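Taking it in order: structure first as structure tokens, then the write-up.
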Amino acid sequence: MLLIAITLGSYVVLVVVGHQDAGTTAGSLGTLLTGVLAVLGLTRRQ
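Here it is, written out as structure tokens:
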């Protein structure tokens, strides 16, 4: 599960680096943070 989160995180970072739009960057970082927190919450419950 953690590997999936790392892979998705890396993909989002690549997308963020590829786009210079501030709104897109902020949205992508927010989505990444939400995803990481969700994965951490799921792994701790198991």
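Position one of the sequence shown corresponds to residue 267 (our numbering), numbered consecutively onward.
Think of the CB as a built atom: it goes at the ideal place given N, C-alpha and C, for glycine as much as any other residue.
Just so it is clear, the structure is predicted and the values come from calculations on it, not from any experiment.
When the Cα of Ile272 is compared with those of Arg311, Arg310 and Val305, which residue comes out closest? Counted from its first residue, the sequence shown places residue 272 at position 6. Nearest of Arg311, Arg310 and Val305 to Ile272, Cα basis: Val305.
Count the other C-beta atoms from every protein chain shown that fall within 10 angstroms of the C-beta of Leu295, then say buried if there are 16 or more, exposed otherwise. As a working note, residue 295 is residue 29 in the sequence shown. Counting Cβ neighbours within 10 Å, Leu295 comes out exposed, since fewer than 16 surround it.
Inspect the beta-carbon positions of Leu303 and Leu274 and report whether they are closer than 9 Å. Stepping through the sequence shown from its first residue, residue 303 is reached at position 37. Stepping through the sequence shown from its first residue, residue 274 is reached at position 8. No, the pair does not count as a contact, with Cβ atoms beyond the cut-off.
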